[in-house]
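Engineer: The structure follows.
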Amino acid sequence: MKTLIVQNPTQKDIVDYKISEAKIDPDTGDALINTGTGLPAETGRTLEWSIKSGEELEFPAYVARYLKGVFVFLDVKEKTVPEEAVVGEVLGEPEVVVPDTSSGFMCTYCGKSFETKKGLGMHMGRSHAEELSEI
Ligand SMILES: [Zn+2]
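Heads up, the final residue of the sequence shown is numbered 137 in the numbering used here, and it's a clean run with no missing numbers.
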């Protein structure tokens with residue numbers, strides 16, 4: 003079934019809002035539209051939907067659109083699951099920042115690296131003048 007994310011950013015609770023259950027088109031996963039009326043084809047049953055203040059819930063797409071039509075303050079958005087992000091979360095690999103010491107000149111006092119020896123020298127003079135004078 004096609005779904006959408008509904009957010010209620012307000013202080014107002016929506017409780018047991020009745021919506022006629024729609025038939026779901028097995029091809030699209032969305033509500034089956036009655037070509038005669040242009041409205042979703044109904045199963046004859048009525049479902050009740052609630053979304054309280056501050057909640058974020060996943061609703062069938064036709065329900066989300068219906069609620070948005072009635073309660074315009076709701077935020078309705080596509081469910082987006084960036085697959086790469088999910089993979090990263092599942093693996094839980096912490097991002098390790100390895101200082102690049104393979105090139106350049108590293109300050110022996112604080113570990114900062116510089117592209118040129120001149121850059122390192124200037125840094126030493128500016129940031130570590132005291133240490134240098136003690137040698
Ligand atoms: Zn330094």
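C-beta: ideal position from N, C-alpha, C; glycine also.
DSSP three-state call for A131: helix, strand or coil?
Structural biologist: helix
Engineer: Helix, strand or coil: which one does DSSP assign to L6?
Structural biologist: strand
Engineer: Work out the CA separation of G40 and E60 for me, nearest whole Å.
Structural biologist: 24 Å
Engineer: Start and end of the alpha helix (DSSP H) containing A43?
Structural biologist: Unbroken run through A43: none, as it is neither H nor E.
Engineer: Examine the Cβ distances between the segment 19-37 and the segment 48-60 and report whether three or more of them are shorter than 8 Å.
Structural biologist: yes
Engineer: Does ligand 1 have a heavy atom nearer than 7 Å to the CB of S129?
Structural biologist: Correct: S129 has its Cβ closer than 7 Å to ligand 1.
Engineer: Is H57 near L6, with beta carbons less than 8 Å apart?
Structural biologist: One point to set straight first is that residue 57 is Glu, not His, in the sequence displayed. Cβ atoms of E57 and L6: not closer than 8 Å.
Engineer: For L138, report the span of its alpha helix (DSSP H) as first-last.
Structural biologist: Beyond the ends of the chain as shown, which are 3 and 137, falls residue 138; an answer cannot be given.
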